[in-house]
Amino acid sequence: MDVYVFGDQWAFNRRCAMRISGFHMMAGLLMGLLVVGSAVADQPANQAPYGHGDDTKLPKGVIGLSLQIGAERIGDPSILYVGMVHPEGPAHKAGLGHGDEVVSVDGTPVNGKRYEEVVGMIRGEAGTAVKVGVKGENGLRELSITRVAGDKLSRGPSGSHGNPAP
C-alpha cells in the first residue's frame, strides 16, 4: 500500500511507516526531486539544490528517479529506496519502481554511504551506463541504466518546472 499525504500524517510504503510533519515531508521530497531526477523535473544545470552544497560539480547525466531514506523501526539501520520514477526516464524503462530498495551502484554496496555519495555514484556523463542493484517485488536484481542529460527529463510539453516551453 502506498499512501502519501501532507500535513502531520503517516507516510507508508512497502517497507516503512513513519510519522512525518508536512514540512519535513515536503523538504525530503523536494531534495529527492532536485538531486537525482524525478517524476516532475530535474534541477536546472546552473542551480545547486538547497542543502546539498555545490552540486554543480556533479555530472549532469541522470536516470530519472528520486531516492528516499526510511527505516523499519526507529533505531534500525536505514534503507535507501526509490521514491518516484520519471515515467519517460531510463530508470522506468529499465524496470525500477517505487519502493525498490537500492543496495548497490556499479557493484559497490550503498550500506554505510551518505545520501550525497550515492547520488554522486548514480549520476554520471549522459550516454554512459550505471548498474543499480535493487531489491524489490521481483527479488534481487542488477539493472544497467544508460544516463540521459538532465534537461531531457526536465522539459515536457509545458516546459521546465512549470514554465511555458519556448
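Each residue of the sequence shown is one higher than the one before, starting from 0 at the first, in numbering that gives the first Met the number 0. Glycine included, every Cβ here is placed at the ideal spot set by N, Cα and C.
Member of the options whose CA lies at the smallest distance from the CA of residue i
i	options	result
Thr127	Val118, Leu139, Val147	Val147
Ile68	Ser143, Lys130, Val109	Val109
Ala125	Met83, Gly82, Leu66, Pro89	Pro89
Leu95	Met120, Leu66, Gly123	Leu66
Glu136	Glu87, Val101, Pro76	Val101
Pro76	Gly111, Glu87, Met83	Gly111
Euclidean distance between Cα positions of residue i and residue j
i	j	result
Leu152	Ile78	26 Å
Asp150	Leu64	14 Å
Ala44	Ile62	Its pLDDT being 39, under 50, Ala44 is placed unreliably in this model, and the coordinates cannot settle the point.
Ser103	Met120	10 Å
Glu116	Thr107	11 Å
Any non-hydrogen atom of the ligand MN closer than 7 Å to residue i Cβ
i	result
Leu66	This structure does not include the ligand MN; it has no bound ligands of any sort.
Distance CB(residue i)-CB(residue j) smaller than 8 Å
i	j	result
Asp91	His97	Per the sequence shown, the amino acid found at residue 91 is His instead of Asp. No; because the gap between Cβ atoms is not below 8 Å, this pair is not in contact.
Leu142	Ala93	yes
Asp105	Lys134	no
Asp99	Val118	no
Arg122	Gly60	yes
Where residue i falls: helix, strand or coil (DSSP)
i	result
Val35	The pLDDT assigned to Val35 is 40, lower than 50, so where the model puts this residue is not dependable; a value taken from the coordinates is nonetheless given after this. In the structure shown, Val35 sits in coil (DSSP, three-state: anything other than H, G, I, E or B).
Arg146	coil
Lys151	helix
Ala125	coil
CB contact check: residue i to chain C, cutoff 8 Å
i	result
Asn110	The chain labelled as chain C is not found in the depicted structure, where only one protein chain is given.
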